[in-house]
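2 protein chains.
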Amino acid sequence: MNRRTHGTRERILDVGLDLVQRRGINGMSFQDLSDAVGIRKASVHHHFASKTDMVAALLDRYRTHFGREIRPILGSRKPAAAKLKTYFGLFADTLEQPGNDKGCLCGMLAAELLSLEAENVEQVRGFFRENYRFIEQILNEGRSDASLAFAGDTAAMARLVFSSLEGALLVARCDGGPRSMKATLQSLLGLLSPG
Amino acid sequence: MNRRTHGTRERILDVGLDLVQRRGINGMSFQDLSDAVGIRKASVHHHFASKTDMVAALLDRYRTHFGREIRPILGSRKPAAAKLKTYFGLFADTLEQPGNDKGCLCGMLAAELLSLEAENVEQVRGFFRENYRFIEQILNEGRSDASLAFAGDTAAMARLVFSSLEGALLVARCDGGPRSMKATLQSLLGLLSPG
DNA sequence: GTCTATATAGAGATAGAC
DNA sequence: GTCTATCTCTATATAGAC
Chain A
1286 MNRRTHGTRE
1296 RILDVGLDLV
1306 QRRGINGMSF
1316 QDLSDAVGIR
1326 KASVHHHFAS
1336 KTDMVAALLD
1346 RYRTHFGREI
1356 RPILGSRKPA
1366 AAKLKTYFGL
1376 FADTLEQPGN
1386 DKGCLCGMLA
1396 AELLSLEAEN
1406 VEQVRGFFRE
1416 NYRFIEQILN
1426 EGRSDASLAF
1436 AGDTAAMARL
1446 VFSSLEGALL
1456 VARCDGGPRS
1466 MKATLQSLLG
1476 LLSPG
Chain B
1286 MNRRTHGTRE
1296 RILDVGLDLV
1306 QRRGINGMSF
1316 QDLSDAVGIR
1326 KASVHHHFAS
1336 KTDMVAALLD
1346 RYRTHFGREI
1356 RPILGSRKPA
1366 AAKLKTYFGL
1376 FADTLEQPGN
1386 DKGCLCGMLA
1396 AELLSLEAEN
1406 VEQVRGFFRE
1416 NYRFIEQILN
1426 EGRSDASLAF
1436 AGDTAAMARL
1446 VFSSLEGALL
1456 VARCDGGPRS
1466 MKATLQSLLG
1476 LLSPG
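Those sequence lines, one after another, are chains A and B. By the numbering used here, the letter at position 42 of the first sequence is numbered 1327, and the numbering carries on one by one without gaps. By the numbering used here, the letter at position 163 of the second sequence is numbered 1448, and the numbering carries on one by one without gaps.
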């Protein structure tokens, strides 16, 4: 990270993202941010008055970055099944980061939902819904181009797919690691494949 | 809860289970236990020297109770698909408890895995593995009695099913609630059904 | 924008009386 | 088995100097 183009505020968010993905919101503190960034706790508070503010900024940035990752997937001319596989890879990649101990930011926060301010809860829900919509679109494409096959309602299936991704990350992070994660996602793709 | 047959230790565990399922391990304190049970913090420490001890007892009891719930399912003479549906119901029931805000005890702890002592981590893993084995057995039965149909490895599919259950609970607790949870589980049953 | 210093509250845990 | 009292540490957050 270049400190010229990457101000203190951004560096705090980098560290904050890492900490929340590993330890959860109740498992990290401003002192942890302070230690990792190399400035004092009071200086962290200068950038983010409260933990809620920090999490709000974290979620905001996370969702922006996430949007930049999924838009090109939708726009590509691959079959829907291939798009889905690419999308699944984003979740597998999370667990493959050093330590093999990172969860989905929003999955971690969803577990600690009752510790969050209403503002942050809405942001997490927004992320979830964005994902359902994205998956639903791919599922519809997949039925059209015949690269995917399944019975029943597309919206309900989209929720199931997203739930499975979040669950696979939660479970594999605890037991099995990236290998297990990939095998699980492969099984899910199998269930949605024709024939 | 009858206080004659239900000693203080058990009452602490009742409250502890409730608190961890709602708030997570880092979101609850011995003070919370003390308040809810109606004794002082020091008295809670008399029964459980540390938080790790309390969580160990919690997981021990949880797994025992869980075993008593799933054994009769396996022993019944229903088709495998019906057994699976009954098992799924255990997860749906969790979210239907008052408040609609309880998660799976082990799912919550899995999210906060890096805050746990190694002893507790192993207990959570043990619960997960017990579930994979249980599901795998039902999936094998389902292939035999033709009430279930799917391609690929049974062990990997069992992991996927369990991951989906944990994920469905995590996601529906945050967005959608019990109705959404049930619809999601229904979609999963659909994917595993023949025809 | 970062610092020192501090306020205030809560955490986990222990000693020892009853 | 429960209590009061206390220890020690850490948490979030703020005031005010540089």
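Glycine included, each C-beta is placed from N, C-alpha and C at the ideal position.
Q) Pairing CB atoms from the region 1422-1441 of chain B with CB atoms from the region 1429-1442 of chain A, are three or more of them under 8 Å? A) Here the region 1422-1441 of chain B makes no contact with the region 1429-1442 of chain A; the two share fewer than three CB pairs at distances below 8 Å.
(Q) Just verifying my parser: in three-state terms, what is the DSSP assignment at S1400/B? (A) Per DSSP, reduced to three states, the secondary structure at S1400/B is helical.
Q. Does V1329/B have its Cβ less than 8 Å from a Cβ in chain A?
A. V1329/B does not count as touching chain A.
Q. Any chance the region 1402-1417 of chain A sits against the region 1347-1367 of chain A, with 3 or more Cβ pairs inside 8 Å?
A. Using a C-beta cut-off of 8 Å, the region 1402-1417 of chain A makes contact with the region 1347-1367 of chain A, since at least three inter-stretch Cβ pairs fall below that distance.
Q | As assigned by DSSP and simplified to three states, the class of D1320/B | A | Helix.
Q) Any C-beta of chain B sitting closer than 8 Å to the C-beta of S1429/A? A) Not one chain B Cβ lies under 8 Å of S1429/A.
Q. Do you know offhand how far D1317/B's Cα is from A1396/B's?
A. 21 Å
Q) In angstroms, rounded to a whole number, what distance separates the CA positions of V1456/A and A1377/B? A) Their backbone Cα atoms lie some 18 Å apart in a straight line.
Q | Partner residues on chain A for A1441/B, Cβ-Cβ distance less than 8 Å | A | A1468, T1469, Q1471 and S1472
Q) Looking at C-beta atoms only, is the number of pairs between the region 1397-1405 of chain A and the region 1440-1460 of chain A that lie closer than 8 Å three or more? A) When Cβ pairs closer than 8 Å are counted between the two stretches, the region 1397-1405 of chain A is seen not to touch the region 1440-1460 of chain A, the count staying below three.
Q: Report yes or no: is there a C-beta of chain B within less than 8 Å of the C-beta of M1339/A?
A: no
Q. Exposed or buried, which one is E1404/A when buried takes at least 16 other CB atoms within 10 Å?
A. exposed
Q. Checking contacts by CB at 8 Å: is N1311/A closer than that to chain B?
A. yes
Q | Whole runs of the alpha helix (DSSP H) within the region 1419-1458 of chain A, excluding any shorter than 4 residues | A | none
(Q) If distances are taken between C-alpha atoms only, which option among S1314/A, G1312/A, N1311/A and A1321/A comes closest to E1295/A? (A) Of S1314/A, G1312/A, N1311/A and A1321/A, the residue nearest in Cα terms is A1321/A.
Q) For K1387/A versus T1379/A, is the C-beta distance shorter than 8 Å? A) Taking 8 Å as the Cβ cut-off, K1387/A and T1379/A qualify as a contacting pair.
Q: Look at the alpha carbon of I1355/B and the alpha carbon of Y1372/B, and state the distance between them as a whole number of angstroms.
A: 7 Å
Q: Can you give me the Cβ contacts of G1301/B inside the same chain, cut-off strictly under 7 Å, excluding the 5 residues immediately before and after it?
A: L1318, M1339 and L1343
Q | Any alpha helix (DSSP H) of 4 or more consecutive residues that is wholly inside the region 1372-1396 of chain A | A | Whole alpha helix (DSSP H) segments, 4+ residues: 1390-1396.
Q) Is the CB-CB distance between C1391/A and V1409/A below 8 Å? A) yes
Q) With burial defined as no fewer than 16 other Cβ atoms inside 10 Å of the residue's Cβ, what is the status of L1450/B: buried or exposed? A) buried
**Q.** Chain-order list of residues whose beta-carbon lies under 8 Å from that of A1341/A (same chain, five-residue window excluded)
**A.** E1404, N1405 and Q1408
Q.
Alpha carbons only, please: which of G1411/B, I1358/B, M1466/B and L1476/B is nearest the one belonging to E1426/B?
A. I1358/B
Q. Under a Cβ-count criterion, where at least 16 other Cβ atoms within 10 Å of its own Cβ denotes burial, should G1452/B be classed as buried or exposed?
A. buried
(Q) Just checking: is the beta-carbon of V1456/B within a distance shorter than 8 Å of some beta-carbon in chain A? (A) With respect to chain A, the C-beta atom of V1456/B has a partner C-beta closer than 8 Å.
Q.
So, with DSSP's three-state summary, where would you put R1325/A?
A. coil
**Q.** Proximal residues of chain B, C-beta to C-beta of R1308/A below 7 Å
**A.** L1399 and S1400
**Q.** 7 Å CB neighbourhood of S1465/A in its chain, flanking five on each side removed
**A.** Correct list, in chain order: A1457.
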